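To start, the structure under review is shown below, and the notes come after it.
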Amino acid sequence: MEQVELKFNEMGLIPAIVQDSDTKEVLMMAYMNKESLMLTIRTKKATYWSRSRKKLWVKGETSGHFQEVEKIYYDCDADTLLLMVQQTGAACHTGSKSCFYRQLSMEGDNKSEQQV
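Numbering of the sequence shown is given in the numbering used here, commencing with residue 1 and proceeding in unit increments.
Have a look at this one:
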């Protein structure tokens, strides 16, 4: 396996896209710092950095909706991660399986433009 130097942003964070290993559905996006990434690799449980609470959080620690990480990829610029997971329960805090359950309209009208 090649040695890679991941590019964390000025706050020490890197975006992590989370995808279901079986269905390939995109479940969520969160941020990781070096500590959360190392914990994730060691425990195989997705661990992120909460920007609002300013602390580490293991996905599922309160809800029971854990993410068992099977693989971690990084993109061509080494500035974004892709976690392939086995999701237990809902990935979204709203109770939805995915955080991406809403859609912007692609219609070329004023209503669509107001969404952006």
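From the three backbone atoms N, C-alpha and C, an ideal C-beta is built for every residue, glycine too.
Just so you know, these numbers come straight off a predicted model, no measurement behind them.
Same chain, Cβ closer than 6 Å to residue i, neighbours up to 5 away in sequence not counted
| i | result |
| --- | --- |
| W57 | Y48 and S50 |
| I17 | M29 and L82 |
| L39 | T47 |
| Y73 | L82 |
| F8 | I14 |
Beta-carbon contacts of residue i that lie in its chain and below 7 Å, excluding the five residues immediately before and after
| i | result |
| --- | --- |
| E5 | A78 |
Rounded C-alpha distance that separates residue i from residue j
| i | j | result |
| --- | --- | --- |
| D22 | E70 | 11 Å |
| S52 | D20 | 25 Å |
| S135 | G89 | What is shown of the chain runs 1 to 116, which leaves residue 135 out entirely. |
| E107 | M32 | 35 Å |
Residues bridged to residue i (per DSSP)
| i | result |
| --- | --- |
| I41 | Per DSSP, none; premise fails for I41. |
| D20 | V85 |
| S50 | K55 |
Limits of the unbroken beta strand (DSSP E) element including residue i
| i | result |
| --- | --- |
| Q131 | A query on residue 131 cannot be resolved here, the shown segment of the chain reaching from 1 to 116 and no further. |
| Q3 | First-last for Q3: undefined, no H or E at that position. |
| E68 | Q67 to Y74 |
| A78 | Element bounds for A78: n/a, residue is neither H nor E. |
Residue i beta carbon near the ligand COA (any heavy atom closer than 7 Å)
| i | result |
| --- | --- |
| A91 | With respect to the ligand COA, the structure offers nothing, as it holds no ligand at all. |
Own chain residues within Cβ distance below 8 Å of residue i, not counting five before or after
| i | result |
| --- | --- |
| T80 | I14, P15, A16, I17 and Y74 |
Query raised in the report: Touch check for the region 9-27 and the region 81-99: three-plus C-beta pairs under 8 Å?
Result: yes
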